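*Asks:* Residue numbers (this note's numbering), protein chains in the order written: chain A, 25 to 149; chain B, 25 to 149.
The beta-carbon is built from N, C-alpha and C at its ideal position, and this holds for glycine as well.
Please read all numbers here as calculations on a predicted model, not as lab measurements.
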DNA sequence: TGTCATTCAATGACGTGTCATATAAGTTGA
DNA sequence: TCAACTTATATGACACGTCATTGAATGACA
């Protein structure tokens, strides 16, 4: 029943889980504390920041994160309410939206990224 | 600013994230479908199943999972309602509880573990 | 033994994620 | 050009996790 391989798999899985939770938790709390945004919000900012091209975003962003389409939509809502991002409708296809950082968003991302990278480094060593 | 090391860290992090979400999602859906329990519930069953000794559990279990104390309490609620686990108060320290699988819980765990291990194998290769 | 601090577990308020669905725009083909 | 289908995003109901707090039992110590 419980083969050695099984036990190894479970070990490996728990290790991934705990790394994930520990790291995500630390980053989330730090960002919340210093910048009043959660990890999820930061991750969207980060994706938008790194895609400089002006394609119709929402959709493509969805392909680069494990987040659900509906989760993304809500995160973007919050970022928009916080004045960090703006949605622009896309002339080519008016179903699509593309996203852009506001100045405040760009600035916050710049500062939060430092914290984010530092905590990743600390946790993924 | 964005050093090579930073980019590698972010890459590594996203890889952990996506492995975690993909795997957790698959297992969760499979267990839900076939056994009507979620991954979280299974993980508690699994921990209880593997600690054969009769210590005062709740507390110690908490040390072996990234779950919050309050999350655990609620998961155990659900497992108890489902008739898979029972709480017993501990004579030595009446604040503590220890947990035990019911027969149904043991049986379900046995079958679900097969599925769980198989999906881990498939995803963590 | 009485007080004060600590520990274990449960609970309620709340935020965020998911699923199913809605809305709106685009596409296809008779 | 009109249906039927598909695609992009938003939304509402609901489940689950977190935080802060509570209640109860224990420990420490004067």
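For chain B, find out if any of its Cβ atoms is closer than 8 angstroms to the Cβ of residue 52 (chain A); answer yes or no.
*Replies:* Looking up residue 52 (chain A) in the first chain gives position 28. Closer than 8 angstroms: no.
*Asks:* How close, in whole Å, do the beta carbons of residue 69 (chain A) and residue 125 (chain A) come, if the pair is a contact with beta carbons under 8 angstroms?
*Replies:* Position 45 of the first chain, counting from 1, holds the residue named residue 69 (chain A). Position 101 of the first chain, counting from 1, holds the residue named residue 125 (chain A). Residue 69 (chain A) to residue 125 (chain A), Cβ: 7 angstroms. Contact.
*Asks:* So residue 132 (chain B) packs on residue 45 (chain B), CB below 8 angstroms; how close in whole Å?
*Replies:* Mapped onto the second chain, residue 132 (chain B) falls at position 108. Mapped onto the second chain, residue 45 (chain B) falls at position 21. 25 angstroms between Cβ atoms; not a contact.
*Asks:* With residue 131 (chain B) as the anchor, note down where its alpha helix (DSSP H) starts and where it stops.
*Replies:* The residue you call residue 131 (chain B) lines up with position 107 of the second chain. 127 to 148 is the span of the alpha helix (DSSP H), which, as asked, contains residue 131 (chain B).
*Asks:* To test your reading of the DSSP string, which unbroken beta strand (DSSP E) runs of 3 or more residues are found completely within the segment 50 to 137 of chain A?
*Replies:* 109 to 113 and 121 to 125
*Asks:* For residue 109 (chain B), which option in B:38, B:28, B:66 and B:27 has the closest C-alpha, if you only look at C-alpha atoms?
*Replies:* The residue you call residue 109 (chain B) lines up with position 85 of the second chain. Here the closest residue by C-alpha is B:66.
*Asks:* Should residue 143 (chain A) and residue 61 (chain A) be called a contact, given that it needs their Cβ atoms to be closer than 8 angstroms?
*Replies:* To locate residue 143 (chain A), count along the first chain from 1; it is residue 119. To locate residue 61 (chain A), count along the first chain from 1; it is residue 37. Their beta carbons are not under 8 angstroms apart, which means residue 143 (chain A) does not touch residue 61 (chain A) by this criterion.
*Asks:* In angstroms with no decimal places, state the Cα-to-Cα distance between residue 145 (chain A) and residue 72 (chain A).
*Replies:* Walking along the first chain from the start, residue 145 (chain A) turns up at place 121. Walking along the first chain from the start, residue 72 (chain A) turns up at place 48. Distance between the alpha carbons of residue 145 (chain A) and residue 72 (chain A): 22 angstroms.
*Asks:* Establish whether the CB of residue 99 (chain A) and some CB of chain B are separated by less than 8 angstroms.
*Replies:* Start at 1 with the first residue of the first chain, and residue 99 (chain A) comes out as number 75. With 8 angstroms as the cut-off, residue 99 (chain A) does not count as an interface residue toward chain B.
*Asks:* Given a cut-off of 8 angstroms, decide if residue 55 (chain B) and residue 139 (chain B) are closer than it, judged by their beta-carbon atoms.
*Replies:* For the purposes of this step, residue 139 (chain B) is taken as the residue at position 115 of the second chain. For the purposes of this step, residue 55 (chain B) is taken as the residue at position 31 of the second chain. Yes, they are a contact pair.
*Asks:* Going along chain B, which residues have a C-beta under 8 angstroms from residue 36 (chain A)?
*Replies:* For the purposes of this step, residue 36 (chain A) is identified with residue 12 of the first chain, where counting begins at 1. Simply 144 and 148.
*Asks:* Does any residue of chain B bring its CB to less than 8 angstroms from the CB of residue 68 (chain A)?
*Replies:* For this step, residue 68 (chain A) is matched to residue 44 along the first chain. Output row for residue 68 (chain A): interface = no.
*Asks:* Candidates B:120, B:47 and B:147: which alpha carbon is nearest residue 84 (chain B)'s?
*Replies:* In the second chain, counting from the first residue as 1, residue 84 (chain B) sits at position 60. Comparing Cα positions, the closest option is B:120.
*Asks:* From A:117, A:76, A:30 and A:64, pick the residue whose C-alpha is nearest to that of residue 98 (chain A); which is it?
*Replies:* Counting from 1 along the first chain, the entry for residue 98 (chain A) is found at position 74. If we check each option's Cα against that of residue 98 (chain A), A:64 comes out closest.
*Asks:* Could you tell me whether any Cβ in chain B is nearer than 8 angstroms to the Cβ of residue 42 (chain A)?
*Replies:* The sequence position of residue 42 (chain A) within the first chain is 18, counting from 1. By this cut-off, residue 42 (chain A) is an interface position.
*Asks:* Rounded to whole angstroms, what's the CA-CA distance from residue 102 (chain B) to residue 29 (chain B)? Just pull it up for me.
*Replies:* Residue 102 (chain B) sits at position 78 when you count from the first residue of the second chain. Residue 29 (chain B) sits at position 5 when you count from the first residue of the second chain. Cα to Cα, the separation comes out at about 44 angstroms.
*Asks:* Give the DSSP-derived three-state secondary structure of residue 43 (chain A) in the structure shown.
*Replies:* One-based indexing of the first chain puts residue 43 (chain A) at position 19. DSSP places residue 43 (chain A) in helix when its eight states are reduced to three.
*Asks:* Taking 8 angstroms as the limit between beta carbons, can you name the residues of its chain near residue 43 (chain A), skipping five residues before and five after?
*Replies:* As a working mapping, residue 43 (chain A) is identified with position 19 in the first chain. 147 and 148.
*Asks:* Could you check what DSSP says for residue 48 (chain A) in three-state terms: helix, strand or coil?
*Replies:* Taking the first chain and counting its residues from 1, the one referred to as residue 48 (chain A) is at position 24. In this structure, residue 48 (chain A) counts as helix in the three-state DSSP scheme.
*Asks:* Can you look up residue 223 (chain B) in the DSSP assignment and give me helix, strand or coil?
*Replies:* Any property of residue 223 (chain B) remains undetermined from this structure, which presents chain B solely from 25 to 149.
*Asks:* Give every residue of the same chain whose Cβ lies closer than 6 angstroms to the Cβ of residue 81 (chain B), excluding the five residues on either side of it in the sequence, and list them in chain order.
*Replies:* For the purposes of this step, residue 81 (chain B) is taken as the residue at position 57 of the second chain. Excluding residues within five positions, the ones whose Cβ falls inside 6 angstroms are 122 and 123.
*Asks:* Throw me the rounded Cβ distance for the residue 96 (chain A) and residue 107 (chain A) pair, which I believe falls under 8 angstroms.
*Replies:* Here residue 96 (chain A) refers to the residue found at position 72 when the first chain is read from its first residue. Here residue 107 (chain A) refers to the residue found at position 83 when the first chain is read from its first residue. Residue 96 (chain A) to residue 107 (chain A), Cβ: 18 angstroms. No contact.
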